[in-house]
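J.: Quick note on this note's numbering: the sequence shown kicks off at 8 and runs consecutively.
Glycine is no exception: its CB is placed at the ideal position from the N, C-alpha and C atoms.
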Amino acid sequence: MSGKGRLAEFPGTAAEQEFWWEGHILEVLHGLPLGPSDETVPRPEFDPGQHSLAERERSKAAALTAARHKVTASGIKQRRQRYQRDGLVGLADGRSAKQMPAFGKVDAAVAGGDAAGDRLDGRGLLEDDRIPRLADQGDPGRP
Numbered sequence: 008m009s010g011k012g013r014l015a016e017f018p019g020t021a022a023e024q025e026f027w028w029e030g031h032i033l034e035v036l037h038g039l040p041l042g043p044s045d046e047t048v049p050r051p052e053f054d055p056g057q058h059s060l061a062e063r064e065r066s067k068a069a070a071l072t073a074a075r076h077k078v079t080a081s082g083i084k085q086r087r088q089r090y091q092r093d094g095l096v097g098l099a100d101g102r103s104a105k106q107m108p109a110f111g112k113v114d115a116a117v118a119g120g121d122a123a124g125d126r127l128d129g130r131g132l133l134e135d136d137r138i139p140r141l142a143d144q145g146d147p148g149r150p
């Protein structure tokens, strides 16, 4: 599946974060942020002609940390590498795309309450029609 097709797997907030990160990663890679800008010359700390990639990663980490987005240079490097390998999807927090089944790893027939007399209540808990019948019979161990 293409990277853009996979974006649909992520909730809206995760997709927004991917685009936010993309601008920062592109500035580290090429010196200019993504999107319309009057800037045609890289900011000095992100100029590829003046600074190594590692230096630009450190500068980006410092700039984001100063803007209250705590991130390390190694975190920027990891995101850059994922972006270069996987594109925009590489910037996503993969945990947000994982869909757990409604009942974990339990077989749907069991979770659905297909056993005789069982059904789910509104909270996802099993209701058992047999419980009132057993309660009406009393405890055979008691006089």
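Tell me the DSSP secondary structure of V96 in three-state form.
T.: Three-state DSSP puts V96 in a helix.
J.: State the start and end residues of the unbroken alpha helix (DSSP H) segment that holds S66.
T.: Where S66 is concerned, the enclosing alpha helix (DSSP H) stretches over 60-73.
J.: How big is the Cα-Cα spacing for L36 and L60?
T.: Using only the alpha carbons, I get a separation of about 7 Å.
J.: Can you tell me the Cα-Cα spacing of P55 and H31, whole angstroms?
T.: Spanning the two alpha carbons is a distance of roughly 14 Å.
J.: Would you mind giving the Cβ-Cβ distance between I83 and A68, rounded to the nearest angstrom? I have them listed as a contact below 8 Å.
T.: Contact holds; Cβ gap of about 5 Å.
J.: With 16 other CB atoms within 10 Å as the buried threshold, where does S81 fall?
T.: Exposed, because fewer than 16 other Cβ atoms sit within 10 Å of the Cβ of S81.
J.: Run through DSSP, which three-state label would V35 get?
T.: Correct three-state label for V35: helix.
J.: Using 8 Å for Cβ pairs, my map puts E2 next to L95. What's the rounded Cβ distance?
T.: Outside the displayed span of the chain (8 to 150) sits residue 2, for which this structure offers no information.
J.: Can you give the beta carbon distance from R65 to F53, rounded, assuming they're within the 8 Å contact cut?
T.: In fact, because the Cβ distance is near 11 Å, the residues do not count as touching under 8 Å.
J.: Here's the rule: buried if 16 or more other CB atoms are within 10 angstroms of the residue's CB, otherwise exposed. What is G42?
T.: By the 10 Å Cβ count, G42 comes out exposed.
J.: Any idea what DSSP makes of K84, helix, strand or coil?
T.: It is helical.
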